[in-house]
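What follows is a single structure, written as structure tokens, with notes after it.
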Amino acid sequence: MNSSPLVEIDPERYQVQIDLIYASADNLAGKVIYPSARCLLHRQAADCLAKASELARLAGYTLRIYDAYRPPFAQFLLWEALPNGDYVRDPHLGSHHSRGVAVDLTLIDSDGQPLDMGTGFDVMEEKSHPFYPDLPVQVQRNRLLLLGIMLASGFRAIDTEWRHYELPDADNYPLLEDNQTSFSSNSTT
Ligand SMILES: [Zn+2]
270 MNSSPLVEID PERYQVQIDL IYASADNLAG KVIYPSARCL LHRQAADCLA KASELARLAG
330 YTLRIYDAYR PPFAQFLLWE ALPNGDYVRD PHLGSHHSRG VAVDLTLIDS DGQPLDMGTG
390 FDVMEEKSHP FYPDLPVQVQ RNRLLLLGIM LASGFRAIDT EWRHYELPDA DNYPLLEDNQ
450 TSFSSNSTT
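What the sequence shown shows, in our numbering, is residues 270 to 458, in sequence order.
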């Protein structure tokens, strides 16, 4: 055992769906960023996620996770592909995903369909800002529903992405290397 604070988000235990977009090439970077599809979070974020999942299910929805812990080497790969500081944090500053305390997610209805949030899950434009006004009323409601669930569970929102939530004191958590995980990054240093 080591002392890594990362815990694996098991879909059954947390009652969530996991669809890590950077574990396939179907993302804005257009390539596989993660060699493994394991979903990990800092245990404090994982506790909040468990609460969020419970609240979502009370309302008849399921959380679907698009991204969670992101190893620092993956942040560099992403930055290489998408060097836009509004949406991808400069890896030298350190992504909150690399601290294990940020999660990108949406809500799935009882028919298994994602709620209409107005943009795709990795769109990086003004329309992905959570309170962008020029979107249909139903999209606003869907976003506010996700916001309510996540705030009530201990996360905070950010200004640029409706899907991104993180712990309020995210900057206080250290960047975490991935030595506990099955990511094989030995050749990336
Ligand atoms: Zn994010």
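Glycine is no exception: its CB is placed at the ideal position from the N, C-alpha and C atoms.
Values in this document were obtained by computation on a predicted structure and should not be read as measured data.
For a test of the three-state rule: what should DSSP assign to residue i, helix, strand or coil?
i           : result
residue 434 : strand
residue 373 : strand
residue 383 : strand
residue 356 : coil
residue 276 : strand
residue 426 : strand
residue 286 : strand
residue 327 : helix
residue 451 : The predicted model places residue 451 with a pLDDT of 44, which falls under 50 and marks its position as unreliable; any figure quoted below should be read in that light. In the structure shown, residue 451 sits in coil (DSSP, three-state: anything other than H, G, I, E or B).
residue 457 : Caution applies to residue 457, whose pLDDT of 36 falls short of 50 and renders its modelled position unreliable; the value that the coordinates give is listed next. In the structure shown, residue 457 sits in a helix (DSSP, three-state: H, G or I).
residue 336 : strand
residue 311 : strand
residue 291 : helix
residue 349 : helix
residue 366 : helix
Is the beta carbon of residue i less than 8 Å from the beta carbon of residue j?
i           : j           : result
residue 429 : residue 355 : yes
residue 422 : residue 320 : yes
residue 419 : residue 401 : no
residue 440 : residue 340 : no
residue 330 : residue 287 : no
residue 332 : residue 322 : yes
residue 412 : residue 399 : yes
residue 408 : residue 387 : yes
Report the CB separation of residue i from residue j in whole angstroms; it is logged as a contact under 8 Å.
i           : j           : result
residue 276 : residue 312 : 5 Å
residue 351 : residue 297 : 6 Å
residue 292 : residue 273 : Not quite, the Cβ-Cβ distance comes to about 20 Å (not below 8 Å), so this is no contact.
residue 318 : residue 370 : At roughly 11 Å, the Cβ-Cβ gap does not stay under 8 Å, so residue 318 and residue 370 are not in contact.
When burial is assigned at 16 or more other CB atoms within 10 Å of the CB, is residue i buried or exposed?
i           : result
residue 367 : buried
residue 282 : exposed
residue 360 : buried
residue 415 : buried
residue 456 : With a pLDDT of only 37 at residue 456, under the threshold of 50, the placement of this residue in the model should not be trusted, and no figure is reported.
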